[in-house]
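Note that full-length UniProt numbering has the sequence shown beginning at 17, numbered continuously upward.
C-beta atoms are modelled at their ideal positions from N, C-alpha and C, and glycine is treated no differently.
Just so it is clear, the structure is predicted and the values come from calculations on it, not from any experiment.
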Amino acid sequence: EQSVFQAGLHSARPPFTFQSNLWEPLAKDTLSASSWGYIHGNAGAGSTYAKNLAAFHHYSIVPRRNVPSRTDKDGNLLFSDTTTTVLGQALRFPIAMAPIGVQKIFNEAGEVASAKAAASVGVPYILSTASSTSMEDVAAANGDGKRWYQLYFPTREHDEITISLLNRAKKAGYTALFVTLDTFVLGWRPSDMDNGYNPFIHPDRIGVEIGFTDPVFRAHFKQKHGYEVDETQGTSATALSGIGAAAQEWTKIVFPGHPHSWADIAFLQEHWNGPIVLKGIQSVADARAALKAGVQGIVVSNHGGRQHDGGASTLGMLPRIVEAVGSEMDVLFDSGVRCGADVVKALALGAKCVLIGRPYAYGLALGGEDGVRHVIRAICGDLIMNMHLTGMTCIEEVNRDILVKEDDLF
Ligand code: FNR
């Protein structure tokens with residue numbers, strides 16, 4: 017990504033801004049009030065969300081000087097090396113794209129645009145179960161890219177649907193399974209409630225596929241309702257009731273309101289023969305339970321503050337979780353990452369990799385595939401330059417020693 021930096025030195029105006037703090041307000045201008053409410057909205061009064069962002073200001077990066085730069089074999093300058101290994105896979109950057117559902121809400125090109133952009137930059141794309149595009153179509157768009165699948169784990173009476181989703185994901189080349197534990201029911205999200213907004217049955221979104229492409233789900237639906245899931249685009253009463261009923265049925269299966277048990281993880285291990293990562297871990301006790309369950313990783317995440325209010329910042333919780341389990345499993349991180357310095361701080365506190373969430377969805381709203389690519393490249397470029405200027409030549413050097421706590425300074 018050094019080319020991003022070099023391109024910035026030329027005088028042409030870029031099609032999208034490099035000012036990461038502007039992606040959000042510019043995206044807001046392109047979205048309807050209810051779609052904006054969905055993407056930006058948070059649980060309760062938004063305090064978990066606010067703390068996620070604020071936490072990054074509690075730590076500061078202390079640069080080292082006169083650190084020799086890397087060079088290639090001909091002695092040419094190379095900026096810092098951002099390559100790393102996560103879940104046994106070699107990555108160009110310690111960055112992946114967080115699972116974000118129903119992306120056609122933000123741009124008609126939806127997940128296909130995001131998955132193409134991910135592949136072109138070389139970052140893994142995590143596809144949500146709540147995708148508005150089938151996992152096979154997303155896989156085709158992602159091509160040779162790295163892709164991981166995020167599961168909203170159906171209730172145990174629907175194991176056959178879970179097995180179908182896992183088999184399809186394996187077949188379509190998704191190489192790791194992310195199981196989200198914090199969304200067994202959708203959070204108390206005042207903005208969506210004010211807008212009467214359910215992203216899965218919103219009238220603008222008839223035709224959104226969610227899990228409807230799954231043959232086992234469709235068979236279950238037909239048996240229960242006596243008619244097929246009808247995903248026809250359009251506004252006819254049948255299409256509306258077909259999709260509405262299917263969305264409601266799907267919601268009951270994946271967001272039933274009661275959580276799974278730790279023992280249920282074994283079922284996924286039986287049916288998935290790759291790394292499993294539990295997303296939504298916020299406590300040391302749960303990190304230890306995840307380790308005991310034998311999974312390969314966790315994502316320290318609070319869903320961007322969208323699930324429970326009054327929570328701690330994920331960055332604040334990260335060090336103690338890393339201390340408890342970091343030597344034995346990969347600890348990934350999300351919620352609040354907005355720029356290269358944020359990535360550095362999360363890595364320095366022990367994360368192996370961060371997930372970028374809202375910023376790329378804003379990019380999607382701003383400019384489809386190009387917008388997503390711009391946002392991801394900009395964060396990667398910012399990360400490289402941050403490491404280079406602070407004297408960190410590779411990811412191993414991004415450790416606790418490069419940070420100070422602001423509170424300790426005064
Ligand atoms: C999400 N997130 C999410 N997580 C998940 O596991 N499955 C999903 O389908 C979704 N969908 C989703 C939609 C939208 C609009 C947002 C903003 C987020 C959570 C996501 O993966 C990630 O944890 C957060 O986005 C991180 O917070 P920030 O950094 O985006 O604020």
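Range covered by the alpha helix (DSSP H) that runs through residue i
i      : result
Ile179 : 175 to 187
Phe21  : 18 to 24
Ser277 : No alpha helix (DSSP H) holds Ser277; DSSP gives it neither H nor E.
Thr99  : Careful: Thr99 lies outside any alpha helix (DSSP H) and carries neither H nor E.
Met345 : Where Met345 is concerned, there is no enclosing alpha helix (DSSP H), given that its DSSP letter is neither H nor E.
Val391 : 374 to 405
Val154 : 151 to 158
Leu363 : 356 to 364
Leu307 : 300 to 309
Asp210 : 206 to 210
Cβ-based burial, residue i [other Cβ within 10 Å; buried from 16]
i           : result
Leu25       : exposed
Phe109      : buried
His390      : buried
Phe122      : buried
Leu94       : exposed
Thr178      : buried
Ile222      : Since pLDDT at Ile222 reaches only 42, below the 50 mark, its modelled position is unreliable, and the value read off the structure follows with that caveat. Classification for Ile222: buried.
His174      : buried
Leu405      : exposed
Tyr213      : buried
Ser252      : Any reading at Ser252 must be qualified, since the residue scores a pLDDT of 46, below 50, and its modelled position is unreliable; no value is offered.
Phe216      : buried
residue 13  : Residue 13 lies beyond the residue range present for the chain, which begins at 17 and ends at 426; the question has no answer from this structure.
Pro84       : exposed
Phe426      : exposed
residue 427 : The question about residue 427 has no answer here: the residues shown for the chain are numbered 17 through 426.
Tyr65       : buried
Pro291      : buried
Ser147      : buried
Ala410      : Just to set this straight, residue 410 is Cys in the shown sequence, not Ala. Its Cβ having fewer than 16 others within 10 Å, Cys410 is exposed.
Ser27       : exposed
Glu385      : buried
Ser343      : exposed
Asp230      : buried
Met403      : buried
Per DSSP, cross-strand counterpart(s) of residue i
i      : result
Tyr168 : DSSP, once it has assigned bridges, lists no residue as partnering Tyr168.
Ser317 : Paired residue(s): none; Ser317 is not in a bridge.
Val195 : Leu167, Leu294
Thr145 : According to DSSP, which records beta bridges pairwise, Thr145 is partnered with nothing at all.
Met113 : Tyr141, Ile372
Cys410 : Asp97
Thr87  : Leu93
Ala106 : Thr101
Lys421 : Tyr75
Phe349 : Val316, Val370
Segment limits, beta strand (DSSP E) that includes residue i
i      : result
Phe233 : Per DSSP, Phe233 belongs to no beta strand (DSSP E); it is in the alpha helix (DSSP H), 231 to 241.
Lys120 : Note, Lys120: premise wrong, no beta strand (DSSP E); not H, not E.
Leu162 : Here residue 162 is Lys; the residue named in the question, Leu, does not match the sequence. Here Lys162 belongs to no beta strand (DSSP E), and DSSP marks it neither H nor E.
C-beta contact flag for residue i and residue j at 8 Å
i      : j      : result
Val420 : Ser76  : yes
Gly60  : Asp325 : yes
Ala340 : Gln298 : no
Ala381 : Thr46  : yes
Lys295 : Leu197 : yes
Gly53  : Ser207 : yes
Arg354 : Ser36  : yes
Glu127 : Leu107 : no
Asp346 : Leu167 : no
Phe21  : Met401 : yes
Phe283 : Ala262 : no
Met151 : Ala125 : no
Val338 : Leu399 : no
Ala377 : Gln119 : yes
Gly313 : Gln285 : no
Met113 : Ile372 : yes
Tyr165 : Phe194 : yes
Pro170 : Val316 : no
The ligand MG heavy atom lying under 7 Å from the CB of residue i
i      : result
Pro115 : Among the ligands present in this structure, namely the ligand FNR, the ligand MG is not found.
Minimum Cβ-Cβ distance from residue i to chain C less than 8 Å
i      : result
Phe233 : Of the chains in the structure shown, none is chain C; there is only one protein chain.
TODO: Kindly provide the ranges of any beta strand (DSSP E) runs that are 3 or more residues long and lie completely inside the segment 42 to 82, ordered along the chain.
DONE: Qualifying beta strand (DSSP E) stretches, in chain order: 75 to 77.
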